[in-house]
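Single-structure report; data block below.
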Amino acid sequence: MSSRASLAALRINLSTLGENQRYVYMWTFTLRGVVAVRLASKMWNLLFTKVLRPIGFFGVRVYELHPGGHGLHVHFVTPTRFPVQVVRAAMKAGLVGRFWGRVHVRRRRSSAAHYVTKYVSKAARCGAFKGVRIWACHAFDKAQQSLVCNIVCDSMLGRIVRFIRGQLAGCDSSFIHDRKRQFEAYRLAWWHYALGDASEIFREVAGYPF
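Structure (structure tokens):
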């Protein structure tokens, strides 16, 4: 996953979440003990599915690995106000909620919701999150969501890669699924660009004359 595309999609989703809202509510959930990130992620999914979603929670979730070794923090941004006492009571009533400790919420202006994007930048450099989605939308209208795969980060190499992928669309499946041959095609295209090949194809891909 491209970190630039991921951050862009997160910012768009947060903007959509706070659209026409003066305030959003930033929740922080912390596990009682230190557990592996993958296990903590499963525990969060259980908490949201069994406890939070039934009472109406929806929004954007972001993970943060506490630098002091206190385990995983789960930050959750939602435009809807929920009394913290109601949430804590719902968590205590369920077995899943008993694994969680501190629950904190703050009201912030909608523009401040982007504060949580800093955790994604930090987590991208942390190997503990390998194979784990650092952020995600929960119970958020899918028609309004911005997906990472739909974000295009413009760059010279990116234009070349997208052009080659377009050319591969007409090839047989054995070529498309041959990673080695794909890599060779990308490498040759990049060297054509780097060495200043002035052919029509690469001028079109790069977007300006060499």
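Each number in our numbering corresponds to the 1-based position in the sequence shown with 14 added.
For glycine and all other residues, C-beta sits at the position ideal for the given N, C-alpha and C.
Since residue 130 contacts residue 89 with CB under 8 Å, what's their CB separation in whole angstroms?
Translated into positions along the sequence shown, residue 130 becomes position 116. Translated into positions along the sequence shown, residue 89 becomes position 75. So it is a contact: roughly 5 Å between Cβ atoms.
Coil, strand or helix - residue 145 by DSSP
Locating residue 145 in the sequence shown gives position 131, where the first residue counts as 1. Coil, per DSSP.
If you compare alpha carbons, which of 78, 63, 19 is closest to residue 43?
Translated into the one-based positions of the sequence shown, residue 43 becomes position 29. Selected option, being the one with the closest Cα: 78.
Taking the alpha-carbon positions, what's the residue 127 to residue 80 distance?
Position 113 of the sequence shown, counting from 1, holds the residue named residue 127. Position 66 of the sequence shown, counting from 1, holds the residue named residue 80. For residue 127 and residue 80, the gap between their C-alpha atoms comes out near 19 Å.
DSSP three-state call for residue 61: helix, strand or coil?
Here residue 61 corresponds to residue number 47 of the sequence shown, with the count starting at 1. Helix, per DSSP.
Is it buried or exposed for residue 123, if we count other Cβ within 10 angstroms and need 16 for buried?
Within the sequence shown, the letter at position 109 stands for residue 123. Exposed is the label assigned to residue 123, since fewer than 16 other Cβ atoms lie within 10 Å of its Cβ.
Cut-off 7 Å between Cβ atoms - residues of its own chain near residue 37, not counting five sequence neighbours on either side:
One-based indexing of the sequence shown puts residue 37 at position 23. Only residues of its own chain outside the window of five on either side were considered, and among them 121, 122, 123, 124 have a CB closer than 7 Å to the CB of residue 37, listed in chain order.
Kindly list the residues whose CB is nearer than 6 Å to the CB of residue 61, restricted to its own chain and excluding five residues on each side of it in sequence; keep chain order.
Numbered from 1 along the sequence shown, position 47 holds the residue referred to as residue 61. Once the five neighbours on either side are set aside, the close Cβ partners of residue 61 are 110.
Consult DSSP for residue 150 and reduce its assignment to one of helix, strand or coil.
Along the sequence shown, read from residue 1 onward, the residue named residue 150 stands at position 136. In the structure shown, residue 150 sits in a strand (DSSP, three-state: E or B).
For residue 154, which residues in the same chain have their Cβ closer than 8 Å to its Cβ, ignoring the five residues on either side in sequence?
Here the question's residue 154 lines up with position 140 in the sequence shown. The beta carbon of residue 154 is closer than 8 Å to those of 27, 31, 72, 73, 74 in its chain, skipping five residues each way along the sequence.
Who are the near neighbours of residue 29 in its chain, counting only those whose CB is closer than 6 Å to its CB and skipping five residues on each side?
Indexing the sequence shown from 1 puts residue 29 at position 15. Excluding positions up to five away in sequence, the list is empty.
So what does DSSP say about residue 67, is it helix, strand or coil?
As a working mapping, residue 67 is identified with position 53 in the sequence shown. Under the three-state reduction of DSSP, residue 67 is assigned to helix.
Secondary structure of residue 27, DSSP reduced to three states:
As a position in the sequence shown, residue 27 is number 13, starting the count at 1. DSSP places residue 27 within a helical segment (H, G or I) once states are collapsed to three.
Coarse secondary structure for residue 92, derived from DSSP in three states:
Taking the sequence shown and counting its residues from 1, the one referred to as residue 92 is at position 78. Strand.
Give the single residue among 55, 48, 63 whose Cα lies nearest to the Cα of residue 108.
In the sequence shown, counting from the first residue as 1, residue 108 sits at position 94. Checking every option, the nearest Cα to that of residue 108 belongs to 63.
Quick check on residue 106: buried or exposed, where buried means 16 or more other Cβ atoms within 10 Å of its Cβ?
As a working note, residue 106 is residue 92 in the sequence shown. That one is exposed.
Below-8 Å beta-carbon distance, residue 57 vs any chain C residue
Note that chain C does not occur in the displayed structure, where there is just one protein chain.
Measuring CB atoms only, is the region 111-120 touching the region 39-54, in the sense that at least three cross pairs come out at less than 8 Å?
Contact between the region 111-120 and the region 39-54 is present, because at least three Cβ pairs lie under 8 Å.
Between 142, 41, 49, which has its C-alpha nearest residue 92's C-alpha?
The sequence position of residue 92 within the sequence shown is 78, counting from 1. Selection 142, 41, 49 evaluated against residue 92 yields 41 as nearest (Cα-Cα).
Spatial distance of residue 163 from residue 147 (CA atoms):
Stepping through the sequence shown from its first residue, residue 163 is reached at position 149. Stepping through the sequence shown from its first residue, residue 147 is reached at position 133. Between residue 163 and residue 147, the C-alpha separation is close to 14 Å.
What residues in its chain sit with their C-beta under 8 Å from that of residue 69, if we drop five residues either side in the sequence?
Here residue 69 corresponds to residue number 55 of the sequence shown, with the count starting at 1. Closer than 8 Å at Cβ, skipping near neighbours: 96, 100, 101, 104.
For residue 45, which residues does DSSP report across the bridge?
In the sequence shown, residue 45 corresponds to position 31, counting from 1. DSSP lists 114 as partners of residue 45.
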